[in-house]
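Asker: Take a look at the following structure, please.
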Amino acid sequence: MSRVTLEQWRMLKAVVDAGGFARAAERVHKSASSVNHAVQKLEEQLGVEVFQLQGRKAELTPAGHALLRRAEHLLEEAADIEALAGALATGVESELHLAVEQIIPAARVIHALEAFSREQPATRIQLHEVVLEDGPQRLEQGRVDMLLAPQVPSDFLAQEIGEQTMVCVAHPGHPLARSGAVLTRRDLRPHRQVVLRDSGEQGSGEGGWLDADQRWTVGHVSTVLEVLRSGVGFAWVPLDRVADDLASGRLAELVLEAGGRMRVPFYLTLADGDAAGVAGRTLADALRTAFQSLPTSTGMDP
């Protein structure tokens with residue numbers, strides 16, 4: 108049996124977070140003497156000094172720092188277990204947060220959401236359209252329940268459920284489209300490139316080939332397409348989004364010596380598969396089914 112209780116670890120963390128015993132007592136709604144006694148008891152049981160006096164202020168000892176790091180993991184795990192129990196008790200989540208990378212075929216996501224809502228009409232969906240590292244950041248921070256994106260955070264397991272084709276296009280009147288030649292990077296460099304901004308909190312804003320002398324960075328795929336249709340730039344865009352434009356001649360595919368078309372696999376990553384309730388599991392199944400069962404559109408063909 109553990110000699111130290113979770114409550115004692117919680118008191119220790121409260122003292123450190125609050126910067127003192129009195130403030131910690133206010134936060135946890137206990138008396139200062141109770142908090143002090145819990146920490147002193149912890150030190151006695153472990154045989155380790157956690158705090159040392161620096162003037163009139165108690166500071167963590169090196170051993171205290173090491174113990175607190177482990178205790179924080181322990182407290183997080185305990186909170187996760189309680190959250191799991193709550194999810195299991197209720198069975199069905201009232202709301203789910205789904206982050207979807209903007210390049211992923213929207214029609215299939217909508218098909219999945221429609222199928223999900225028929226089975227779980229009482230569960231609300233918060234759909235977050237993300238770019239680059241925003242999705243993984245939201246998943247790691249616990250702000251979404253699942254992520255559909257080419258990126259997979261390093262500490263998570265994911266399932267590949269589809270792929271997107273990115274194609275380099277421009278307006279048919281653009282000099283690159285009119286040249287009729289096989290284009291190299293030197294041909295692309297003098298012209299304006301349109302790219303998507305990373306929607307994450309600390310995102311650098313761009314990805315892929317970025318060697319153009321001029322560059323416009325925008326926030327949504329739809330904006331990229333509007334810029335391209337105006338004739339002032341070139342970009343790699345999801346092929347399913349421009350299939351009609353290419354067929355009608357509104358946009359033209361650029362012929363590059365390499366990399367004109369790129370296949371990008373994407374993955375379904377759950378924040379916590381064990382903690383997912385009925386609604387979470389239903390949504391994950393609906394997404395897998397939508398991408399595996401729908402016939403491949405012309406926009407996804409090479």
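Quick note, the sequence shown lines up with residues 108 to 409 if you use my numbering.
Just so you know, even glycine gets a beta-carbon here, dropped at the ideal spot from N, CA and C.
Here the structure is a predicted model, which is why all the values come from computation and not from measurement.
Report, in whole angstroms, the separation of the C-beta atoms of I232 and R395, which I expect to be a contact under 8 Å.
Answerer: As a working mapping, residue 232 is identified with position 125 in the sequence shown. As a working mapping, residue 395 is identified with position 288 in the sequence shown. Going by Cβ atoms, the distance from I232 to R395 rounds to 16 Å, so no, they are not a contact pair.
Asker: Measuring alpha carbon to alpha carbon, tell me which residue in K164, G154 and S109 is nearest A125.
Answerer: By 1-based counting over the sequence shown, the position of residue 125 is 18. Out of K164, G154 and S109, K164 has the C-alpha closest to the C-alpha of A125.
Asker: Starting from the C-beta of S404, find all residues in its chain whose C-beta is less than 8 Å away, skip the five residues before and the five after it, and write them out in chain order.
Answerer: Reading the sequence shown from its first residue, position 297 is the one you call residue 404. With a pLDDT of only 38 at S404, under 50, the local geometry of the prediction cannot be trusted, and no value is derived from it.
Asker: Just to confirm the assignment, what range does the beta strand (DSSP E) spanning F158 have?
Answerer: Mapped onto the sequence shown, residue 158 falls at position 51. Looking at the DSSP string, the run of the beta strand (DSSP E) that includes F158 is F158 to Q161.
Asker: Return the first residue and the last residue of the beta strand (DSSP E) that I268 is part of.
Answerer: As a position in the sequence shown, residue 268 is number 161, starting the count at 1. It spans A265 to A277 - the beta strand (DSSP E) in which I268 sits, taken as one unbroken run.
Asker: Do the stretch 257–273 and the stretch 368–379 meet, that is, are 3 or more Cβ pairs less than 8 Å apart?
Answerer: The stretch 257–273 vs the stretch 368–379: in contact.
Asker: Look at the alpha carbon of R293 and the alpha carbon of G249, and state the distance between them as a whole number of angstroms.
Answerer: Start at 1 with the first residue of the sequence shown, and residue 293 comes out as number 186. Start at 1 with the first residue of the sequence shown, and residue 249 comes out as number 142. Their Cα atoms are separated by approximately 43 Å.
Asker: Taking only the alpha-carbon atoms, compute the straight-line gap between L377 and R245 and give it to the nearest angstrom.
Answerer: Within the sequence shown, numbered from 1, the residue matching residue 377 stands at position 270. Within the sequence shown, numbered from 1, the residue matching residue 245 stands at position 138. So the alpha carbons of these two residues sit roughly 12 Å apart.
Asker: Please determine, among M118, F128, V111 and A342, the residue with the shortest C-alpha to C-alpha distance to H278.
Answerer: For the purposes of this step, residue 278 is identified with residue 171 of the sequence shown, where counting begins at 1. Looking at the Cα atoms, A342 is the closest of the given residues.
Asker: L175 and L119 - do their beta-carbons sit closer together than 8 Å?
Answerer: In the sequence shown, the residue the question calls residue 119 occupies position 12. In the sequence shown, the residue the question calls residue 175 occupies position 68. Yes, Cβ-Cβ distance for L119 and L175 is below 8 Å.
Asker: Can you give me the C-alpha to C-alpha distance between A391 and R225, rounded to a whole angstrom?
Answerer: The sequence position of residue 391 within the sequence shown is 284, counting from 1. The sequence position of residue 225 within the sequence shown is 118, counting from 1. Their Cα atoms are separated by approximately 14 Å.
Asker: Which residues does DSSP list as the beta-bridge partners of M369?
Answerer: Position 262 of the sequence shown, counting from 1, holds the residue named residue 369. Its beta-bridge partners are M273.
Asker: From L375 to M253, what does the alpha carbon distance come to, in whole angstroms?
Answerer: For the purposes of this step, residue 375 is identified with residue 268 of the sequence shown, where counting begins at 1. For the purposes of this step, residue 253 is identified with residue 146 of the sequence shown, where counting begins at 1. Whole-angstrom Cα-Cα distance: 7 Å.
Asker: Reducing DSSP to helix, strand and coil, say where I217 ends up.
Answerer: Your numbering for residue 217 matches position 110 in the sequence shown. Three-state DSSP puts I217 in a helix.
Asker: Could you tell me which whole beta strand (DSSP E) segments of length 3 or greater appear in the stretch 315–378?
Answerer: Here the runs fully enclosed are 321–325, 341–345 and 368–377.
Asker: Could you tell me the distance, in whole angstroms, from the CA atom of F263 to the CA atom of A185?
Answerer: Position 156 of the sequence shown, counting from 1, holds the residue named residue 263. Position 78 of the sequence shown, counting from 1, holds the residue named residue 185. Taking the straight line joining both Cα atoms gives about 19 Å.
Asker: Near G326, which residues of its chain fall below 6 Å by C-beta distance, leaving aside the five closest residues on each side in sequence?
Answerer: Along the sequence shown, read from residue 1 onward, the residue named residue 326 stands at position 219. Cβ within range, chain order: R304.
Asker: How about L335 and V385: do their beta carbons lie closer than 8 Å?
Answerer: The count along the sequence shown starts at 1 and reaches residue 335 at position 228. The count along the sequence shown starts at 1 and reaches residue 385 at position 278. No, the pair does not count as a contact, with Cβ atoms beyond the cut-off.
Asker: On the DSSP bridge assignment, give the partners of A206 in chain order.
Answerer: Within the sequence shown, the letter at position 99 stands for residue 206. Per DSSP, H235 and L254.
Asker: Out of curiosity, what's the CA-to-CA distance linking A222 and A393?
Answerer: Taking the first residue of the sequence shown as position 1, residue 222 is located at position 115. Taking the first residue of the sequence shown as position 1, residue 393 is located at position 286. Spanning the two alpha carbons is a distance of roughly 6 Å.
Asker: Quick check on the DSSP output: the beta strand (DSSP E) that includes A382 runs from which residue to which?
Answerer: As a working mapping, residue 382 is identified with position 275 in the sequence shown. Note, A382: premise wrong, no beta strand (DSSP E); not H, not E.
Asker: Please report the straight-line C-alpha distance between A196 and L290, rounded to a whole angstrom.
Answerer: Here residue 196 refers to the residue found at position 89 when the sequence shown is read from its first residue. Here residue 290 refers to the residue found at position 183 when the sequence shown is read from its first residue. Roughly 60 Å between the two C-alpha positions.
Asker: Per DSSP, which residues does E166 bridge with? Please list them.
Answerer: Position 59 of the sequence shown holds residue 166. Answer by DSSP bridge pairing, in chain order: Q159.
Asker: Quick check on E364: buried or exposed, where buried means 16 or more other Cβ atoms within 10 Å of its Cβ?
Answerer: Against the sequence shown, residue 364 aligns to sequence position 257. Exposed, by the Cβ-count rule.
Asker: Looking at L358 and C275, is the spacing between their C-beta atoms short of 8 Å?
Answerer: Locating residue 275 in the sequence shown gives position 168, counting from the first residue. Locating residue 358 in the sequence shown gives position 251, counting from the first residue. Not in contact: C275 and L358 (Cβ atoms no closer than 8 Å).
Asker: Give the straight-line distance between the Cα atoms of L332 and G387, rounded to the nearest whole angstrom.
Answerer: Your numbering for residue 332 matches position 225 in the sequence shown. Your numbering for residue 387 matches position 280 in the sequence shown. Cα-Cα distance, rounded: 33 Å.
Asker: Span of the beta strand (DSSP E) holding V302?
Answerer: On the sequence shown, position 195 is the one that residue 302 refers to. R299 to L303 is the span of the beta strand (DSSP E), which, as asked, contains V302.
Asker: I believe L205 touches V251 by the beta-carbon criterion, under 8 Å. Please report the beta-carbon distance rounded to the nearest angstrom.
Answerer: Counting from 1 along the sequence shown, the entry for residue 205 is found at position 98. Counting from 1 along the sequence shown, the entry for residue 251 is found at position 144. Going by Cβ atoms, the distance from L205 to V251 rounds to 7 Å, so yes, they are a contact pair.
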